[in-house]
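Residue numbers (the numbering used here), protein chains in the order written: chain Z, 9 to 233; chain V, 9 to 233. Heads up, the beta-carbon is just placed ideally off N, CA and C, and yes, glycines get one too.
Protein chains: 2
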Amino acid sequence: MALTPKPRPDGIPTPAVRRLSLYLRELEALLDTGTQTISSRQLGETLGLSDAQVRKDLAYFGQFGQAGVGYRVEELSQEIRRILGTDRPWNVMLVGVGNLGRALLAYRGFVKKRFNMVAAFDADPALIGKHLTPDGVLVRPMREMAEVAARMDIRLGLLCVPAPAAQSVAEQMVAAGVQAILNFAPTTLNVPPTVAVLGVDLAVHLEQLSFHLTARDQGRPAAAE
Amino acid sequence: MALTPKPRPDGIPTPAVRRLSLYLRELEALLDTGTQTISSRQLGETLGLSDAQVRKDLAYFGQFGQAGVGYRVEELSQEIRRILGTDRPWNVMLVGVGNLGRALLAYRGFVKKRFNMVAAFDADPALIGKHLTPDGVLVRPMREMAEVAARMDIRLGLLCVPAPAAQSVAEQMVAAGVQAILNFAPTTLNVPPTVAVLGVDLAVHLEQLSFHLTARDQGRPAAAE
DNA sequence: GAATGTGAACTTTTTCACAGCG
DNA sequence: CGCTGTGAAAAAGTTCACATTC
Chain Z
9 MALTPKPRPD
19 GIPTPAVRRL
29 SLYLRELEAL
39 LDTGTQTISS
49 RQLGETLGLS
59 DAQVRKDLAY
69 FGQFGQAGVG
79 YRVEELSQEI
89 RRILGTDRPW
99 NVMLVGVGNL
109 GRALLAYRGF
119 VKKRFNMVAA
129 FDADPALIGK
139 HLTPDGVLVR
149 PMREMAEVAA
159 RMDIRLGLLC
169 VPAPAAQSVA
179 EQMVAAGVQA
189 ILNFAPTTLN
199 VPPTVAVLGV
209 DLAVHLEQLS
219 FHLTARDQGR
229 PAAAE
Chain V
9 MALTPKPRPD
19 GIPTPAVRRL
29 SLYLRELEAL
39 LDTGTQTISS
49 RQLGETLGLS
59 DAQVRKDLAY
69 FGQFGQAGVG
79 YRVEELSQEI
89 RRILGTDRPW
99 NVMLVGVGNL
109 GRALLAYRGF
119 VKKRFNMVAA
129 FDADPALIGK
139 HLTPDGVLVR
149 PMREMAEVAA
159 RMDIRLGLLC
169 VPAPAAQSVA
179 EQMVAAGVQA
189 ILNFAPTTLN
199 VPPTVAVLGV
209 DLAVHLEQLS
219 FHLTARDQGR
229 PAAAE
């Protein structure tokens, strides 16, 4: 163990950040089983990663382990939450209350992670003013977006409108102060570089699996996850 | 242009395969606008990729372009579909007809790509035998999975059950002959290496965006998409 | 002139391997 | 001893730059 006080390295591989979420998921499951400590080898095992990978990933952010022992599950969980910024709740808006949007509004997994869906918007006048579930959030007209976002301090948004509307809606979200967008529309968004966009194209995911099926049937390798 | 007849390289970067889907999405949009040909530079532009990246990615699979001209949109689309294995329809099953499962059953994006949701399963007796939408698919009991999968030649499945049930359900799917799983449960699946799994953990995606928000607020870099 | 396909250079990410701590 | 943290080596992926083709 070195004594570099805080190298503030910044040159953290993007894949390492992605894996951080997976480590956290694993650690939270371990907490439920009452496990106190875990080694890099054990932590990587379930996820199909090498022990070295796990240690290196965590080391980008600090020194959380204890030589000879491993990592304290509770402590490491909290550290990762702090790094990811989920040690506090975020208010989230959802735009586009179609089938998918409704399902996401009701998704329990967000609540557990303290992502609070506090506002929903849609362009369809027929939906405005409705609560889609008894305890669900009110659907508002698009024009209220900026005001509501400011009042509720919303910086994160889910975009669930059809592809043709996506770019224009994204611009409205950005104008309203949204700084990070999870985009479910099957299209690429053009936004200012300060805004983070993560695309989740469900058809693309299936295509990737189709490739694996096809490639395997033809003798190509094909890995997973 | 070289005359390597078919190098059968096999050492195709996984990211290249992912990008193939994005190229196809772009090309399909271009088809609607009646564009005949496109250069690697133009194709990469919308996606934020360099022209070299586009050419190299495509070159892993063959020689589809014409020097001085670019790529024929129609032709390249078909080539990519062939590579991805989406030049033909796939029958797909969905297991777990909760909020998310229902939304996915109704998702129009799958239909367009010829992923046919032909069977749905759930463990809840109250849902069995129902059609969740007028034109929707019948919800069947889990025990019929193997028989139905064989009869309908289903090799692809969407897993939309709660995390605690996911591993056991995945095993049933594999036993029923499913060879590729799109996993929406926030947990890692342990399946035989012949089976491809792609995880879509919605909370993880939001966590990644939270990281970007947090990192940016603190002077770290943070890229997107 | 415009744009591909591709070796070679470069950058990023992963793995190795081992000193050192509890 | 078991296990971390980390430089150094290896592998993977991206960009460069250019000969070549239309």
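Notebook entry, point to check: Relative to the C-alpha of His-213 of chain V, which residue among Z:Leu-28, Z:Ile-20, Z:Gly-19 and Z:Pro-21 is closest?
Noted result: Counting from one through the second sequence, the residue named residue 213 of chain V turns up at place 205. Out of Z:Leu-28, Z:Ile-20, Z:Gly-19 and Z:Pro-21, Z:Leu-28 has the C-alpha closest to the C-alpha of His-213 of chain V.
Check: Which residues in the same chain as Ser-85 of chain Z place their Cβ atom closer than 7 Å to its Cβ, once the five residues preceding and following it in sequence are excluded?
Finding: The residue you call residue 85 of chain Z lines up with position 77 of the first sequence. Answer for Ser-85 of chain Z: Leu-32, Leu-35, Glu-36 and Leu-39, listed in chain order.
Notebook entry, point to check: Taking Cβ to Cβ, would you say Val-145 of chain Z is nearer than 8 Å to Met-125 of chain Z?
Noted result: For this step, residue 145 of chain Z is matched to residue 137 along the first sequence. For this step, residue 125 of chain Z is matched to residue 117 along the first sequence. Yes.
Checklist line | Identified DSSP bridge partners for Leu-190 of chain V | finding: If you number the second sequence from 1, residue 190 of chain V lands on position 182. According to DSSP, which records beta bridges pairwise, Leu-190 of chain V is partnered with V:Leu-166 and V:Leu-206.
Check: Looking at Ala-183 of chain V and Val-199 of chain V, is the spacing between their C-beta atoms short of 8 Å?
Finding: Locating residue 199 of chain V in the second sequence gives position 191, where the first residue counts as 1. Locating residue 183 of chain V in the second sequence gives position 175, where the first residue counts as 1. In this structure, Ala-183 of chain V does not lie closer than 8 Å to Val-199 of chain V by Cβ.
Item checked: Pro-133 of chain V: first and last residue of the uninterrupted beta strand (DSSP E) it sits in -> For this step, residue 133 of chain V is matched to residue 125 along the second sequence. No beta strand (DSSP E) contains Pro-133 of chain V, which DSSP labels as neither H nor E.
Item checked: Best match in V:Phe-72, V:Arg-80, V:Ser-218 and V:Leu-92 for proximity to Leu-30 of chain V [C-alpha to C-alpha] -> Locating residue 30 of chain V in the second sequence gives position 22, where the first residue counts as 1. The residue with the shortest Cα to Cα distance from Leu-30 of chain V is V:Leu-92.
Checklist line | Simplified DSSP state of Asn-198 of chain V, which is helix, strand or coil | finding: Counted from its first residue, the second sequence places residue 198 of chain V at position 190. Coil, per DSSP.
Check: Name the chain Z residues whose beta carbon is nearer than 9 Å to that of Arg-49 of chain V?
Finding: Within the second sequence, the letter at position 41 stands for residue 49 of chain V. Within 9 Å Cβ-Cβ: nothing; Arg-49 of chain V doesn't reach chain Z, min ~16 Å.
Margin query: If you measure between the beta carbons of Leu-206 of chain V and Leu-210 of chain Z, is that distance less than 8 Å?
Written below: In the second sequence, counting from the first residue as 1, residue 206 of chain V sits at position 198. In the first sequence, counting from the first residue as 1, residue 210 of chain Z sits at position 202. Not a contact, by the Cβ cut-off of 8 Å.
Notebook entry, point to check: Do you know whose CA, among V:Ile-162, V:Asp-130 and V:Val-100, lies nearest Pro-149 of chain V's CA?
Noted result: On the second sequence, position 141 is the one that residue 149 of chain V refers to. Of the candidates V:Ile-162, V:Asp-130 and V:Val-100, the one whose C-alpha sits nearest the C-alpha of Pro-149 of chain V is V:Asp-130.
Notebook entry, point to check: Does the region 135–143 of chain V come close enough to the region 160–177 of chain V to have 3 or more Cβ pairs within less than 8 Å?
Noted result: no
Note to self: Going by beta-carbon coordinates alone, are Ala-134 of chain V and Leu-167 of chain V separated by less than 8 Å?
What the structure shows: Taking the second sequence and counting its residues from 1, one reaches residue 134 of chain V at position 126. Taking the second sequence and counting its residues from 1, one reaches residue 167 of chain V at position 159. No, the pair does not count as a contact, with Cβ atoms beyond the cut-off.
Next item on the list: Verify the CB distance criterion: does Leu-217 of chain V have a CB-CB separation below 8 Å to chain Z?
Entry: On the second sequence, position 209 is the one that residue 217 of chain V refers to. Yes - at least one Cβ of chain Z is within 8 Å of the one on Leu-217 of chain V.
Item checked: Per-residue contacts from Tyr-115 of chain V into chain Z (C-beta, under 9 Å) -> Numbered from its first residue, the second sequence carries residue 115 of chain V at position 107. Those are Asn-107, Leu-108, Leu-210 and Ala-211, listed as they occur along chain Z.
Notebook entry, point to check: How many Å lie between Ala-157 of chain V and Arg-122 of chain V at the Cα?
Noted result: For this step, residue 157 of chain V is matched to residue 149 along the second sequence. For this step, residue 122 of chain V is matched to residue 114 along the second sequence. Cα-Cα distance, rounded: 18 Å.
Next item on the list: Kindly indicate which three-state DSSP category Tyr-79 of chain Z falls into: helix, strand or coil?
Entry: On the first sequence, position 71 is the one that residue 79 of chain Z refers to. Looking at Tyr-79 of chain Z - three-state DSSP - the assignment turns out to be strand.
Notebook entry, point to check: So does the region 60–80 of chain Z actually touch the region 42–49 of chain Z, counting three or more Cβ pairs closer than 8 Å?
Noted result: yes
Notebook entry, point to check: Can you give the beta carbon distance from Leu-162 of chain Z to Ala-127 of chain Z, rounded, assuming they're within the 8 Å contact cut?
Noted result: Within the first sequence, residue 162 of chain Z is the residue found at index 154, counting from 1. Within the first sequence, residue 127 of chain Z is the residue found at index 119, counting from 1. In the sequence on display, residue 162 of chain Z carries Ile and not Leu. Sure, about 6 Å apart at Cβ, within 8 Å.
Note to self: Bridge partners for Phe-123 of chain V per DSSP, in chain order?
What the structure shows: Within the second sequence, numbered from 1, the residue matching residue 123 of chain V stands at position 115. Paired residue(s): V:Trp-98.
Next item on the list: Within its chain, find whatever has a CB closer than 6 Å to the CB of Arg-80 of chain V; leave out the 5 residues flanking it on each side and keep chain order.
Entry: Residue mapping note: residue 80 of chain V aligns to position 72 of the second sequence, counting from 1. Within the same chain, Arg-80 of chain V has close Cβ partners Thr-45.
Notebook entry, point to check: So with Cβ pairs under 8 Å, would you call Val-186 of chain V a contact of chain Z?
Noted result: Here the question's residue 186 of chain V lines up with position 178 in the second sequence. No, Val-186 of chain V does not count as interfacial toward chain Z.
Notebook entry, point to check: If you count every other CB in all the chains shown that lies within 10 Å of the CB of Glu-215 of chain Z, and 16 or more means buried, which is it?
Noted result: Sequence index remark: in the first sequence, residue 215 of chain Z carries index 207 (1-based). It is buried - the Cβ of Glu-215 of chain Z has at least 16 other Cβ atoms within 10 Å.
Next item on the list: Just the chain Z side, please: which residues come within less than 7 Å of Thr-94 of chain V by C-beta, in chain order?
Entry: As a first step, residue 94 of chain V must be located in the second sequence, where it is residue number 86. The answer, in chain order, is Glu-215 and Ser-218.
Notebook entry, point to check: Which value, in whole angstroms, describes the spacing of the CA atoms of Leu-164 of chain V and Phe-219 of chain Z?
Noted result: By 1-based counting over the second sequence, the position of residue 164 of chain V is 156. By 1-based counting over the first sequence, the position of residue 219 of chain Z is 211. Whole-angstrom Cα-Cα distance: 11 Å.
Notebook entry, point to check: Checking contacts by CB at 8 Å: is Phe-118 of chain Z closer than that to chain V?
Noted result: As a working note, residue 118 of chain Z is residue 110 in the first sequence. For Phe-118 of chain Z, the answer is yes, since a Cβ of chain V falls inside 8 Å of its Cβ.
Next item on the list: May I have the straight-line CA-CA distance separating Thr-12 of chain Z from Arg-90 of chain V, to the nearest angstrom?
Entry: Start at 1 with the first residue of the first sequence, and residue 12 of chain Z comes out as number 4. Start at 1 with the first residue of the second sequence, and residue 90 of chain V comes out as number 82. Legend: pLDDT at Thr-12 of chain Z = 39, less than 50; position of this residue unreliable, value from coordinates given subsequently. Going from the Cα of Thr-12 of chain Z to the Cα of Arg-90 of chain V covers about 52 Å.
Checklist line | Interface residues of chain V facing Pro-194 of chain Z [CB-CB closer than 8 Å] | finding: Within the first sequence, the letter at position 186 stands for residue 194 of chain Z. Chain V residues near Pro-194 of chain Z: Arg-33 and Gly-117.
Next item on the list: Name, please, each residue of chain Z whose Cβ falls closer than 9 Å to the Cβ of Phe-72 of chain V.
Entry: Position 64 of the second sequence holds residue 72 of chain V. Within 9 Å Cβ-Cβ: nothing; Phe-72 of chain V doesn't reach chain Z, min ~17 Å.
Notebook entry, point to check: With 16 other CB atoms within 10 Å as the buried threshold, where does Gly-42 of chain V fall?
Noted result: As a working note, residue 42 of chain V is residue 34 in the second sequence. Under this definition Gly-42 of chain V is an exposed residue.
Margin query: Less than 7 Å separating the Cβ of Ser-218 of chain V from some heavy atom of the ligand FAD?
Written below: For the structure depicted, the ligand FAD is absent and the ligand set is empty, with no information on it obtainable.
Next item on the list: Assign Gly-73 of chain Z to one of three DSSP states: helix, strand, or coil.
Entry: Indexing the first sequence from 1 puts residue 73 of chain Z at position 65. The answer is strand: DSSP assigns Gly-73 of chain Z an E or B state.
Check: Nearest to Leu-66 of chain V by alpha carbon, out of V:Val-103, V:Gln-180 and V:Thr-22?
Finding: Taking the first residue of the second sequence as 1, we reach residue 66 of chain V at position 58. Nearest C-alpha to Leu-66 of chain V: V:Thr-22.
Notebook entry, point to check: For Val-62 of chain V, which three-state DSSP category applies?
Noted result: The sequence position of residue 62 of chain V within the second sequence is 54, counting from 1. In this structure, Val-62 of chain V counts as helix in the three-state DSSP scheme.
Checklist line | Neighbour list for Val-25 of chain V in chain Z, Cβ cutoff strictly below 8 Å | finding: For the purposes of this step, residue 25 of chain V is taken as the residue at position 17 of the second sequence. Simply Gln-216 and Phe-219.
Checklist line | beta strand (DSSP E) segments (min. 3 residues) lying fully within the region 140–166 of chain Z | finding: 147–149
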